[in-house]
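>
2 protein chains.
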Amino acid sequence: MQSKKKKEALVQFGKRLSYLRKAKKLSFRQLAVLCDVDYSNIKKFEKGEKNITIATLMELAIGLGVHPKELLNFPDDFLHRD
Amino acid sequence: MQSKKKKEALVQFGKRLSYLRKAKKLSFRQLAVLCDVDYSNIKKFEKGEKNITIATLMELAIGLGVHPKELLNFPDDFLHRD
DNA sequence: GAAAGTGTGGTTTAATAAAACCACGGTATC
DNA sequence: GATACCGTGGTTTTATTAAACCACACTTTC
Numbered sequence: 140m141q142s143k144k145k146k147e148a149l150v151q152f153g154k155r156l157s158y159l160r161k162a163k164k165l166s167f168r169q170l171a172v173l174c175d176v177d178y179s180n181i182k183k184f185e186k187g188e189k190n191i192t193i194a195t196l197m198e199l200a201i202g203l204g205v206h207p208k209e210l211l212n213f214p215d216d217f218l219h220r221d
Numbered sequence: 140m141q142s143k144k145k146k147e148a149l150v151q152f153g154k155r156l157s158y159l160r161k162a163k164k165l166s167f168r169q170l171a172v173l174c175d176v177d178y179s180n181i182k183k184f185e186k187g188e189k190n191i192t193i194a195t196l197m198e199l200a201i202g203l204g205v206h207p208k209e210l211l212n213f214p215d216d217f218l219h220r221d
């Protein structure tokens with residue numbers, strides 16, 4: 140993937156994660172406990188700094204109590220081929 | 140994540156990928172060209188042998204012409220906390 | 001039977017995600 | 001001001017993904 144689009148995709152994912160976490164009124168540390176993911180990394184996910192694996196995505200979805208696909212439920216306009 | 144659930148999640152993902160690829164009547168090699176992903180790895184994804192990153196998931200979604208969340212659109216019963 | 005396409009499975013390298021840490025400054029709450 | 005929680009950002013190690021190859025057996029088509 141072109142690195143620009145990859146970056147954009149990760150940022151979009153991060154926004155969804157951030158939105159869902161805030162909707163549940165969870166702090167980074169609180170979500171970390173629910174997810175079994177180290178708290179210091181969740182912000183990195185939300186900023187799009189990490190290209191996470193789907194296993195970790197599943198962890199986050201479980202902790203948030205949402206279906207995994209919700210974390211990818213963002214506008215995809217930027218993804219289309221040129 | 141417990142390794143059993145992780146494995147199950149990856150297998151579920153693989154099934155979605157396999158279903159969508161066949162629905163488009165694409166061979167591994169044909170999809171590989173569309174995705175810019177090496178053909179020899181797509182079957183590994185479909186078998187749940189790889190814990191792929193979301194960047195690669197995006198690649199596959201673009202190649203298949205579906206929204207990324209479609210690749211995670213599987214039953215999630217097995218994901219619930221005990 | 002030669003050529004082309006296919007599924008399958010193995011290997012190797014470099015890049016990087018996962019995971020676990022830590023430390024700092026800020027903000028409440030007592 | 002002590003305690004507790006928070007966001008932030010950095011580091012390090014290990015595991016593994018990504019990516020690129022290859023070879024083989026099987027079909028199908030010419």
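From first to last, the protein sequence lines are chains L and P. Residue numbers for the first sequence, in the numbering used here: 140 to 221. Residue numbers for the second sequence, in the numbering used here: 140 to 221. Positions of the beta carbon are idealized from the N, C-alpha and C atoms, including for glycine.
1. For the ligand HEM, I want to know if L:K183 counts as a neighbour, meaning its beta carbon is within less than 7 Å of at least one of the ligand's heavy atoms.
2. From this set, P:K144, P:A148, P:K143, which residue's C-alpha is nearest P:N212's C-alpha?
3. Does chain P have any CB closer than 8 Å to the CB of L:I298?
4. Is the Cβ of P:L203 closer than 8 Å to any Cβ of chain L?
5. Would P:A194 and P:L210 qualify as a contact pair, given that the criterion is a beta-carbon distance under 8 Å?
6. Do you know whose CA, among P:D175, P:K208, P:K161, lies nearest P:E185's CA?
7. If the criterion is Cβ atoms closer than 8 Å, does the pair L:F217 and L:K144 meet it?
Taking the structure as given:
1. In terms of ligand content, the structure shown is empty, and the ligand HEM therefore cannot be addressed.
2. P:A148
3. Nothing can be reported for residue 298 of chain L, as the shown portion of chain L is limited to 140 through 221.
4. no
5. no
6. P:K161
7. yes
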